[in-house]
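Chains as they are written, first to last, in numbering that gives the first Met the number 0: chain V, 0 to 112; chain Z, 0 to 112. Glycine included, C-beta positions come from ideal geometry on N, C-alpha and C. Here the structure is laid out as structure tokens; the discussion comes afterwards.
2 protein chains.
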Amino acid sequence: MRAETLKGHLDGILLAVLEPEPRHGYAIMEALRDRSAGQVDLPTGTIYPALHRLERTGLVRASWSTVGGRRRRVYELTSAGRRALETERSTWRDFSAAVTALLQPMPLAVSPQ
Amino acid sequence: MRAETLKGHLDGILLAVLEPEPRHGYAIMEALRDRSAGQVDLPTGTIYPALHRLERTGLVRASWSTVGGRRRRVYELTSAGRRALETERSTWRDFSAAVTALLQPMPLAVSPQ
DNA sequence: ATAAGTAGAGTAGCATTGCTACGCATGAAG
DNA sequence: CTTCATGCGTAGCAATGCTACTCTACTTAT
């Protein structure tokens with residue numbers, strides 16, 4: 000996946016990966032890598048700020064936990080987050096349909112003779 | 000179309016709309032509006048800088064023309080632009096497939112019992 | 001006439017957002 | 001004891017679309 004292409008669609012993806020169960024940042028990165036067959040492999044400098052952003056806007060809720068001497072910050076969707084995810088999904092459907100249509104090779108407009 | 004969602008995919012769209020025939024900026028805006036049923040309605044502050052960018056990077060070539068006392072800057076694809084358009088199309092296919100998959104509601108991973 | 005609307009190009013500066021390149025800590029494996 | 005995986009974090013950069021504006025010229029109402 001080329002960098003930067005994600006722009007604007009990362010939040011939806013993060014919400015989606017948190018939908019079935021709460022996860023911590025590192026696990027989110029792994030889940031994305033697995034589910035996209037390595038196509039989406041985000042650096043920590045992308046993932047953590049994005050999670051903080053989602054937390055700040057109230058779409059996820061975070062809490063610390065410690066597992067095997069290592070601390071983790073576990074994120075879970077809020078109800079606002081679940082709603083936002085649905086919105087993202089429908090936005091994505093519209094958006095991707097529009098872009099797909101526009102990228103389609105277009106025949107020359109026929110001017111009436 | 001929500002603003003900002005386009006991020007990173009505008010160039011490909013512009014190249015696509017220029018593929019069948021050269022157009023000037025204003026005509027590009029109209030073509031996009033028509034072809035997307037009003038969904039993609041870009042302000043001039045988006046379109047002109049983007050065209051300049053494409054010109055600067057050699058993907059389009061521009062020339063002035065005057066029609067009915069009004070000057071127009073007409074853009075056409077270069078061969079590099081045609082190649083870039085193909086790349087954009089395949090990038091888009093990969094990207095949209097990946098995002099669609101990731102946004103899909105995911106079942107909880109089954110842990111072996 | 002003149003005001004409003006359409007056609008047409010442009011810029012400055014902002015906001016968002018993902019990325020690079022770091023720092024720091026703990027535990028396991030060689 | 002060094003390297004690797006796990007795990008969180010930030011500062012600052014770069015790209016890019018948008019808002020809000022300027023300027024010109026023709027066209028159509030009032």
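Put simply, the CB of Z:P48 is far from chain V, with every gap to its CB atoms at 9 Å or more. Under the DSSP assignment, V:S95 falls in the alpha helix (DSSP H) whose first and last residues are S78 to L102. The beta-carbon distance between Z:P104 and V:E18, rounded to whole angstroms, is 7 Å. This is short enough to meet the 8 Å contact definition.
For Z:T65, no alpha helix (DSSP H) encloses it; the enclosing beta strand (DSSP E) starts and ends at V59 to V66.
Sixteen is the threshold: since fewer than 16 other Cβ atoms of the shown chains lie within 10 Å of the Cβ of V:G44, the residue is exposed. Excluding residues up to 5 positions away in sequence, L17, P21, V59 and R60 lie with their Cβ nearer than 7 Å to the Cβ of V:E75 in the same chain. Taking CB atoms only, Z:S78 has no neighbour in chain V less than 9 Å away. Listed in chain order, the non-local C-beta contacts of V:Y47 below 7 Å within the same chain comprise G24, local neighbours out to five positions each way being set aside. Distance from the Cα of V:A49 is smallest, within the candidate group V:L9, V:R92 and V:V39, for V:L9. Counting only residues of its own chain and dropping the five nearest sequence neighbours on each side, Z:W63 has a CB closer than 8 Å to the CB of R70, R71, R72 and V73. As DSSP reads the structure, V:H23 sits in a beta bridge with V:V73. Collapsing the DSSP output to three states places Z:T45 in a helix.
The Cβ of Z:R88 sits closer than 9 Å to at least one Cβ of chain V.
Note that the C-beta distance between Z:V39 and V:A97 is below 9 Å. For Z:P21, the closest Cβ of chain V is not nearer than 9 Å. Between Z:E18 and chain V, the shortest Cβ-Cβ separation is below 9 Å. For Z:A36, there is no enclosing alpha helix (DSSP H), as DSSP marks it with neither H nor E. In the three-state reduction of the DSSP assignment, V:E29 falls in the helix class, which pools H, G and I. For the pair V:A100 and Z:E29, the Cα-to-Cα distance works out to about 15 Å.
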